Structures are given as structure tokens and as C-alpha cells.
Amino acid sequence: MKRIARVNIITVIMAIMLAISGLSPSLALTPEERLDDPRLEQRARDLSLQLRCLVCQNQSIDDSDAPFAQDMRRLIRRDIEAGKSDDDIIAFLRQRYGDYVLLNPPLTSSTYVLWAAPFVILVLGVGIVFLTRRKQHPQNPSDQENSR
Amino acid sequence: MTRWMRFLPLWIFLAIVVVAYAMLSASSEGTRDTKAIGFSMTNAAVPDLTLPKFEGNGTITLQDYKGKAYAINIFASWCGPCKLEAASIDVMAEKLPVIGINYRDNPEDAALFLEQFGNPYADLARDDDGNYSIQLGVHGLPETFIIAPDGTILHHQQGPVFASDLNGKLGDAIKRALGS
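So, in C-alpha cells, the structure goes:
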């Protein structure tokens, strides 16, 4: 029995270690890509985190080492150095790849269901739990009277 | 409790590792779902690009094609579907001039590819770092654009051009570009 407990504890520890390793960001950015000015480089990183690598599975271009992500990172840095604003760069990419290029889709008529769904589901869930509990444990004295 | 049930956490953990590994392997292959993006450059104006020629030091300017119907085909020797569409690009090139853009390729491999599958291009440019292709909204290979004489992109094909496409939307766009 002790042996089984030990194996299970080791398994849990391994699972935690695996989860932690998944949380640490992979560094796809190569030293040659970085801008010399730390402020401009930070702007490029912030933008890269908002943009989807279109040939990857739900990864930002900052996280991905795919050539396409590298091309986009290079374009962003080139545009930042050329004096373009963040909005200009995002607008340029949205013109070419649509809203899908943004990891957080904007709130538009076609995405409001996507944004509202979690809140609607939460409210419904809380409502169902509340009603079920109320039926099981009536709080109101008059309810208790009636239930007798 | 059976013997294997006692080690249930271990089996669950191993199953998660196997599934995660399979998913990561699939995503790193660079495959793409051409429908996932749900967006194309169709109806947009072709950007005014000046690209380096595939051979030598000259340049190719898209502005020079203004007033003519033409097509742009993005390809590379390392791209499997580019080999599959080679015959259809040949047929397309008989109808209107096609500008080839060789994307992120080794020049020797690209030359070998053109020798093997033919060179149907009226003009051949290269895009060594993907910068020009991003201007065109390219996110994978191959991609093909049919351009009207006024510079409007009439059709943006994401993925290979097959014989059936020449009789479908792409074929219709060619006819419209040629004004017939």
C-alpha cells in the first residue's frame, strides 16, 4: 500500500512540474531580431504578444519560432523604427489578415456572442445553483411554516 | 479495487503526456487550415511593390503591370503543394502573365524546382525574408492572386491551384480580369 502511495505522490509531483514547464514562455525571439532601444523593443514585444501566428495552434508571434512569425516580428520592428504607431501597425495587419490576426478579437457585431457567452453561462449557472439550494433548504420562516 | 486502478493517477498522467506530445508534434509541422483565417485580399488593391529579381540585381515593379491583367503566384521548392499545382500554373500562364515570387528559398533548390516542374513565369522575383509576401497578405504556400488592369485583386487563392479551380472562381476571375 505504501508503495502505491509513493508512486501516486511522485506522479502528482511530475504533473505539477510538467504544468510549470508549460507555463514558462518559450523564447522564440533571436538576439539578432532585438532592437537596440529598450523602449522600442518593449513596444515590439507588447505588439507581438497581441498578434496570432497564423500557421500555429493558438500561439502569439512572440511565442512562435515559425518562419511566418519571425517575418511578422521583423516587419513590426522595421515599422516601429520607421516611426509608425502601434495602431498603424495593427491596422496594416488587420487589412491583410482580418481580425483573426488578433489573439483577443475586438467586440463587434459578429463577436459579441463570443464575448457575452461566458457571463451569460455564469449567470445561468449561479441562478440554477441558487434555485436548487433554495428548494432544498428554505430560508424564509413562512416557507418553513408551509413546508411543515 | 483492482491492481491497475490503484495506479490510476499514473495512467491519467501518462495519457495526458501522450496527448500533449501528439498535439505539439502536429502543430510544429507548420500545417495550416486555409479556411481558419476566414479572410482574403480579394477586392483589395494590390500593393505597390518593387521586388528583387530572382536572378541578377534588377527589380520588378508591380506598378509596371498597371493596365494589364496578370497573376502573382507565391511558391517555394520546399513546398509540397507547389509541386501539385505546377501543371495548373502552366495552363494559367497561357491565359495571362504570371509573376512568380520565390518565397524564403535556397536559390539552387529553387532553380532545380523550375527545371523539374517548368518555369511558366513572365517575371520571377524573390522574397528572401517574407516581407513582400506579408504586404500581399500571404500566410502560407502556395498562394495565387488574379489582378485586374486597374490593380484590384479579383481573386486570392490560399492553397494550390488545381484544374478544377481554373473552371471555378479562379477561372471566372481570370475571365473578368481579361474583360471577356
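Protein sequences, first through last, are from chains A and B. Our numbering numbers the first residue of the first sequence as 18 and each following residue consecutively. Our numbering numbers the first residue of the second sequence as 951 and each following residue consecutively. Where a beta carbon is used, it is the ideal one built from N, C-alpha and C, also for glycine. These numbers come from a predicted model, not from an experiment.
Does any C-beta atom of chain A lie closer than 9 angstroms to the C-beta of residue i?
| i | result |
| --- | --- |
| Ala994 of chain B | yes |
| Ser1027 of chain B | no |
| His1089 of chain B | yes |
| Met991 of chain B | yes |
| Phe957 of chain B | yes |
| Gln1107 of chain B | no |
| Arg1054 of chain B | yes |
| Val967 of chain B | yes |
| Gly1080 of chain B | yes |
Could you check what DSSP says for residue i in three-state terms: helix, strand or coil?
| i | result |
| --- | --- |
| Ser77 of chain A | strand |
| Lys1003 of chain B | strand |
| Gly1050 of chain B | strand |
| Ala1021 of chain B | strand |
| Asp1077 of chain B | strand |
| Leu124 of chain A | coil |
| Thr992 of chain B | coil |
| Thr28 of chain A | helix |
| Leu141 of chain A | helix |
| Leu92 of chain A | helix |
| Leu46 of chain A | coil |
| Arg176 of chain A | Only positions 18 to 165 of chain A appear in this structure, which leaves residue 176 of chain A out of reach. |
In this structure, what does DSSP give as the bridge partners for residue i?
| i | result |
| --- | --- |
| Glu1044 of chain B | DSSP lists no partner for Glu1044 of chain B. |
| Glu1093 of chain B | B:Ile1024, B:Gln1108 |
Rounded to whole angstroms, how far is the Cβ of residue i from the Cβ of residue j, which I believe are closer than 8 angstroms?
| i | j | result |
| --- | --- | --- |
| Phe1135 of chain B | Tyr114 of chain A | This structure gives no information on residue 1135 of chain B, because the portion of chain B shown stretches from 951 to 1130. |
| Leu68 of chain A | Val118 of chain A | 6 angstroms |
| Leu64 of chain A | Asp103 of chain A | 6 angstroms |
| Cys1032 of chain B | Leu1120 of chain B | Cys1032 of chain B to Leu1120 of chain B, Cβ: 16 angstroms. No contact. |
| Tyr1082 of chain B | Pro1047 of chain B | The Cβ separation is near 18 angstroms, so there is no contact. |
Is there a C-beta anywhere in chain B that falls below 9 angstroms from the one on residue i?
| i | result |
| --- | --- |
| Val130 of chain A | no |
| Asn25 of chain A | yes |
| Ala32 of chain A | yes |
| Asp80 of chain A | no |
Do residue i and the ligand NAD come close, with the Cβ less than 8 angstroms from some heavy atom?
| i | result |
| --- | --- |
| Leu1012 of chain B | By its list of ligands, the structure shown contains no ligand whatsoever, and the ligand NAD lies outside what it can speak to. |
Q. For the region 1073-1085 of chain B against the region 1097-1115 of chain B, are there 3 or more C-beta pairs whose distance is under 8 angstroms?
A. no
Q. Looking at C-beta atoms only, is the number of pairs between the region 1014-1033 of chain B and the region 1055-1070 of chain B that lie closer than 8 angstroms three or more?
A. yes
**Q.** the region 1002-1014 of chain B / the region 1034-1048 of chain B touching (three or more Cβ pairs under 8 angstroms)
**A.** no
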